[in-house]
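Structure first, then comments.
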Amino acid sequence: MNKLRVAVIFGGRSGEHDVSLMSARSVLAALDPERYEVTQVGITLEGEWLNGENTLESFAQGKTQDLNRVVLPSEPSHSALYVLRNTDHGEMLDKLADVDVFFPALHGPFGEDGTMQGLLELADVAYVGAGVAGSSVGMDKGIFKDVMRANHIPIVESLLVLRGEIENDINRVIADVEKMGAYPFFAKPANLGSSVGISKCNSRSDLAEGLMEAARYDRRVVIEKGIANVREIEVSVLGNEDPQTSVCGEVLPSRDFYSYESKYLDGTSGLIIPSQISAEMSNQIREYAARAYKAIDCAGMARADFFVDVEMNKIYLNELNTLPGFTSISMYPKLWQASGLTYPQLVDRLIEFALERKAQRDHTERRRLV
Ligand SMILES: Nc1ncnc2c1ncn2[C@@H]1O[C@H](COP(=O)(O)OP(=O)(O)O)[C@@H](O)[C@H]1O
Ligand SMILES: [Mg+2]
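Numbering (this note's numbering), first residue to last: 1 to 370.
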């Protein structure tokens, strides 16, 4: 049996660079060497693509200077990675590896937002996860909410404003936000993750600060009505056109809300699997998750994050993460584990779904034949 050639891409230009290294470590450990021939590609914070002996270790130790530059040709028909070598005759491209499937173990901007997926589409290769539209709509908190509203999936009331509006007349923005109701509000950059730039605003002065903070990270800012007494329930979705959902899990943030510190620094935020909610609520959440997944044309996987307003006993979809945290102790794989799918089985399935999606693409007519 020929081994399947897989390229795992990690690091990247986002604030979740280090989280990506952790996800990649688990993915690499799970790829059975009997079945897969693996190439590692690290992307630096500056955006350089690199490979060498044990690329991941070099990235983890911050010692990337001896690695070689890697090139993925944007033209179709290569299905390969190349290395750039300095020779007496200038820079030369050598083939590094043929690749059957790319596995972007990347989170956040330039990895999860459709940009990487656009490059992989141009190169016409198979890759794990959602395509261009699914990735970018999943990442954009403004557009995502509009698509959910159009599909009658409940979403917290929100407002989208431009950085320019905040800079020109912040008092008008504040007045518009306050029309949504009482404090607290959450101010968020439209395109980011890991809670970076997100503030819980309990007062007008908090809101002014929160708007300016969010506007540092994006041209577009989303302001949401805050749910005062909230439970955070998450469910894993897997598949292409007929996605399956896992059991639900609950996150218990270590702080006032599930902030960056609470996610990565405290180490005390708890995961409860399965979540202690009624079967009825769990079924409703899973149904919304699968519907939302299809609505954005997601593929491969996503983690769907919900809010439950405890006082109103009402469910809201918060977001779909199309490349969720993927270490062996992350919520996404743990929910599958609790649903009967081990981590290595999950990685195998994702690779199969990537190949299935590519086969569907190959069946699509690109031009009219005369
Ligand atoms: N409308 C809201 N009501 C209550 N809590 C919220 C609300 N929006 C965000 N939060 C809190 O902030 C956290 C991060 O927000 P989220 O939109 O999930 O951003 P990210 O994409 O960075 O994870 C959530 O997990 C939750 O704890
Ligand atoms: Mg979140």
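Backbone N, C-alpha and C fix where the C-beta goes; we use that ideal spot for every residue, glycine too. Computed from a prediction, not measured in an experiment: that's the story for all the values here.
Where residue i falls: helix, strand or coil (DSSP)
| i | result |
| --- | --- |
| D94 | strand |
| K141 | helix |
| G134 | helix |
| L31 | coil |
| Y127 | strand |
| R255 | coil |
| M312 | coil |
| V196 | coil |
| K358 | helix |
| I329 | coil |
| Q244 | strand |
| G340 | coil |
| F110 | coil |
| N380 | A question about residue 380 goes unanswered here, because the residues of the chain that appear run from 1 up to 370. |
| D305 | strand |
| E121 | helix |
| T364 | coil |
| K225 | strand |
| L160 | strand |
Endpoints, the alpha helix (DSSP H) within which residue i is located
| i | result |
| --- | --- |
| K294 | A279 to A295 |
| K179 | Neither: K179 is in no alpha helix (DSSP H) and is coded neither H nor E. |
| N168 | R163 to N168 |
| F378 | Given a span of 1 to 370 for the chain in the structure shown, any question on residue 378 remains unanswerable. |
| R231 | Segment V230 to G239 is the beta strand (DSSP E) holding R231; no alpha helix (DSSP H) there. |
| L211 | R204 to Y217 |
Beta-carbon proximity check, residue i vs residue j, cutoff 8 Å
| i | j | result |
| --- | --- | --- |
| P189 | V235 | no |
| N202 | D309 | no |
| A97 | A7 | yes |
| V156 | K225 | yes |
| L317 | A292 | yes |
| G134 | A359 | no |
| S328 | K263 | no |
| D32 | P344 | yes |
| S275 | I315 | no |
Delimiting residues of the beta strand (DSSP E) encompassing residue i
| i | result |
| --- | --- |
| G11 | L4 to G11 |
| K188 | F185 to P189 |
| Q40 | Y36 to I43 |
| A80 | A80 to T87 |
| G15 | No beta strand (DSSP E) holds G15; DSSP gives it neither H nor E. |
*Inter-stretch contact at 8 Å, needing at least 3 Cβ pairs: the region 211-220 / the region 295-312*: Touching, no.
_Pocket of ligand 1 (residues with CB nearer than 5 Å to any heavy atom), chain order_ = Spelled out in chain order, the answer is V156, F186, G193, S195, E224, G226, I227, V230, F257 and Y258.
*If we count Cβ pairs, one from each stretch, closer than 8 Å, do we get three or more for the region 143-152 versus the region 101-115?*
No, the region 143-152 does not touch the region 101-115.
*Would you check if there are 3 or more beta carbon pairs closer than 8 Å linking the region 319-336 to the region 353-363?*
Fewer than three beta-carbon pairs drawn from the region 319-336 and the region 353-363 are found closer than 8 Å, and the two stretches are therefore not classed as touching.
_Meets three-Cβ-pair contact criterion under 8 Å: the region 246-253 and the region 192-211_ = Short answer: they don't touch.
_I want to know whether the region 125-141 touches the region 36-55 - three or more CB-CB distances under 8 Å._
The region 36-55 and the region 125-141 do not touch, with fewer than three beta-carbon pairs separated by less than 8 Å.
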